[in-house]
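A short write-up of the structure that comes next.
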Amino acid sequence: DGGITQSPKYLFRKEGQNVTLSCEQNLNHDAMYWYRQDPGQGLRLIYYSQIVNDFQKGDIAEGYSVSREKKESFPLTVTSAQKNPTAFYLCASSMATENTEAFFGQGTRLTVV
Amino acid sequence: DAKTTQPTSMDCAEGRAANLPCNHSTISGNEYVYWYRQIHSQGPQYIIHGLKNNETNEMASLIITEDRKSSTLILPHATLRDTAVYYCIGGLNAGGTSYGKLTFGQGTILTVHP
């Protein structure tokens, strides 16, 4: 089945540690995105990539880093510089054209203790 | 990107139509209106989108006013599984490059009652 997969579903880390969240898609989508969601809030864009080896900062990129070495993969690293990393992280992908929808993964809930 | 305004919450009886309004008075002529929903602790699910004309698919109908300043999402026969947060999103430019860069607001919490 085609889709977008995030792993793991739950992740626990100690404060000060970097952690990498995985996002893989087999939809042949050029564009991929990372969003953060805090309790009771809407989603906020962290980073996005419209093509391999290229990515841009979203609205809340500080403390995060990404790479896009393969079309299928867009991992997100939450660094120790992110002051409040505990959140629900969502990855999405879409065709890089207008009039198209984005498909979301099921999310990774990161808890930093 | 167009800012959207939605009611915080709505209720609907099972089997009845759920009509969810959205105001997007700042939307420009080339910006689509998208609707997504999110069931608790899951990723958002695409529902429908439109530019100028009304749209219908297997999930819902989208009615966009002629001046494009507001729209209504209609779930024709709501079920308990339709209980979710519904997001109305504007600003994906037709002909632009902002595809997928969705600006989510607070959304409307729809509760479907038996």
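Residue numbers (the working numbering), protein chains in the order written: chain U, 9 to 121; chain A, 2 to 115.
Even for Gly, the Cβ is constructed at its ideal location relative to N, Cα and C.
Quick caveat: nothing in here was measured; it's all calculated off a predicted structure.
Partner residues on chain U for residue i, Cβ-Cβ distance less than 8 angstroms
| i | result |
| --- | --- |
| Q1(A) | Residue 1(A) falls outside the range modelled here, since chain A spans only 2 to 115, and no answer is possible. |
| H25(A) | The premise fails here: H25(A) is roughly 15 angstroms from chain U at the closest Cβ pair, so nothing lies under 8 angstroms. |
| L21(A) | Ordered by position in chain U, no residue passes the 8 angstroms Cβ test against L21(A), which lies about 15 angstroms from the chain. |
Beta-carbon neighbours of residue i, restricted to chain A and to distances below 8 angstroms
| i | result |
| --- | --- |
| L98(U) | G44, P45 |
Rounded C-alpha distance that separates residue i from residue j
| i | j | result |
| --- | --- | --- |
| Y43(U) | V27(U) | 16 angstroms |
| G24(U) | I65(A) | 48 angstroms |
| N92(U) | N24(A) | 32 angstroms |
| D68(A) | K4(A) | 16 angstroms |
| T109(A) | M11(A) | 7 angstroms |
| I48(A) | E70(U) | 31 angstroms |
| L63(A) | K65(U) | 32 angstroms |
| L19(U) | T9(A) | 31 angstroms |
| A110(U) | P77(A) | 24 angstroms |
| E56(A) | T108(U) | 14 angstroms |
| E77(U) | L84(U) | 12 angstroms |
| S81(U) | Q33(U) | 7 angstroms |
| Y55(U) | C31(U) | 13 angstroms |
| G44(A) | R21(U) | 22 angstroms |
| L111(A) | Y35(A) | 17 angstroms |
| D67(U) | L103(A) | 11 angstroms |
| S73(U) | I12(U) | 20 angstroms |
| S15(U) | L98(U) | 10 angstroms |
| S75(U) | S101(U) | 15 angstroms |
| N58(A) | A89(U) | 44 angstroms |
| S71(A) | G106(A) | 15 angstroms |
| Q39(A) | Y87(A) | 6 angstroms |
| G113(U) | S26(A) | 31 angstroms |
| M103(U) | P115(A) | 39 angstroms |
| F96(U) | P47(U) | 8 angstroms |
| K53(A) | T73(A) | 13 angstroms |
| N61(U) | K79(U) | 9 angstroms |
| Q46(A) | M60(A) | 11 angstroms |
| L118(U) | Y41(U) | 17 angstroms |
| C13(A) | A79(A) | 7 angstroms |
| Q7(A) | Q49(U) | 14 angstroms |
| G51(A) | P22(A) | 14 angstroms |
| S42(A) | V113(A) | 18 angstroms |
Assumed close pair residue i, residue j - CB separation to whole angstroms, cut-off 8 angstroms
| i | j | result |
| --- | --- | --- |
| T94(U) | V120(U) | 5 angstroms |
| L51(U) | Q58(U) | Not confirmed; about 18 angstroms, so no contact. |
| I75(A) | Y37(A) | Not really, about 15 angstroms apart at Cβ, beyond 8 angstroms. |
| T122(U) | L53(U) | Because residue 122(U) is not part of the residues shown, which for chain U are 9 to 121, the question remains open. |
Listed by chain order, chain U residues near residue i by CB distance under 7 angstroms
| i | result |
| --- | --- |
| G106(A) | G50 |
| Y87(A) | Within 7 angstroms Cβ-Cβ: nothing; Y87(A) doesn't reach chain U, min ~11 angstroms. |
| H50(A) | E109 |
| L74(A) | Neighbours of L74(A) on chain U: none; closest Cβ ~14 angstroms, over 7 angstroms. |
Cross-chain neighbours of residue i in chain U, by beta carbon under 9 angstroms
| i | result |
| --- | --- |
| L111(A) | Within chain U, no residue comes near L111(A); the closest Cβ sits about 15 angstroms away, beyond 9 angstroms. |
Distance cut-off 7 angstroms: residue i Cβ against heavy atoms of the ligand COA
| i | result |
| --- | --- |
| A18(A) | The ligand COA is not part of the structure shown, which contains no ligands of any sort. |
How about the stretch 29–38 of chain U and the stretch 14–23 of chain A: do they share at least three Cβ pairs that are nearer than 8 angstroms?
no
What residues in the stretch 53–64 of chain A have a beta carbon less than 8 angstroms from any beta carbon of chain U?
none
Does the contact criterion of 3 or more C-beta pairs under 8 angstroms hold for the stretch 25–34 of chain A versus the stretch 77–88 of chain A?
no
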